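Novice: Per this note's numbering, numbering of the sequence shown is gapless, rising by one per residue and ending at 128.
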Amino acid sequence: FIVQEQEERYHGMRFFNYINERGGEVKIHGLDQPETEFSSIVEIFEKSLHHERLVTSRINDLMTLAREENDYATQDFLQWFVREQVEEEASIDSLLKKIQLVGGKGEGMLMLDNELAQRTFTPPSEE
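1. Give the single residue among V4, E8, Q5 and F16 whose Cα lies nearest to the Cα of F78.
2. How would you write the range of the alpha helix (DSSP H) that F16 sits in, first residue to last?
3. Nearest-angstrom Cα distance between S49 and T37?
4. Beta-carbon within less than 8 angstroms of I60's beta-carbon, same chain only, minus the 5 sequence neighbours each way: which residues are those?
5. If we call anything under 7 angstroms between Cβ atoms a contact, is F46 one with L96?
6. Tell me whether the beta-carbon of I100 lies closer than 7 angstroms to the beta-carbon of I20.
7. Compare the C-alpha of R23 against each of E8, H51 and T75 and name the closest.
8. If you follow the alpha helix (DSSP H) that E89 is part of, which residue opens it and which one closes it?
9. Is the beta carbon of E89 sitting closer than 7 angstroms to the one on E53?
10. The alpha helix (DSSP H) that contains K48, what's its start and end?
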């Protein structure tokens, strides 16, 4: 999941840079302690999918606000994230289904782990 962390950091920096470019002020607040106790790997991915859907909802809310404000630059900026969230949700949903298929344990999980280990992070080209 190092690749996923790199992707998420990249997403955060896109927002950070955009806000600064537009003359805004970025304030970074502390984070709540993340949940660390789960009943199963399936639960972890169910919560991950729920979180991605929450992120999608927040991006959609930002897009709605940008439209109401006739802020075309921000609409253009957010469109990349709208597309990205479609991919993020599909990716987590696919992983969840694979985990459920193999029962969350055994050789199937080892194969899935090996598949995920092959991923690499390449920053997307700026559009």
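Cβ coordinates follow ideal geometry from the N, Cα and C atoms, glycine included. Just so you know, these numbers come straight off a predicted model, no measurement behind them.
Specialist: Considering the structure as presented:
1. Here the closest residue by C-alpha is F16.
2. Element bounds for F16: I3 to E22.
3. Cα to Cα, the separation comes out at about 13 angstroms.
4. Beyond the five residues adjoining it in sequence on each side, I60 comes within less than 8 angstroms, by CB distance, of L79, F82, V83 and Q86 in the same chain, given in chain order.
5. Closer than 7 angstroms, so yes.
6. In this structure, I20 does not lie closer than 7 angstroms to I100 by Cβ.
7. Checked all of E8, H51 and T75; the closest Cα to R23 is T75.
8. It spans Y73 to L102 - the alpha helix (DSSP H) in which E89 sits, taken as one unbroken run.
9. Result yes, Cβ atoms of E89 and E53 sit closer than 7 angstroms.
10. Going by DSSP, K48 is part of the alpha helix (DSSP H) stretching over I42 to E69.
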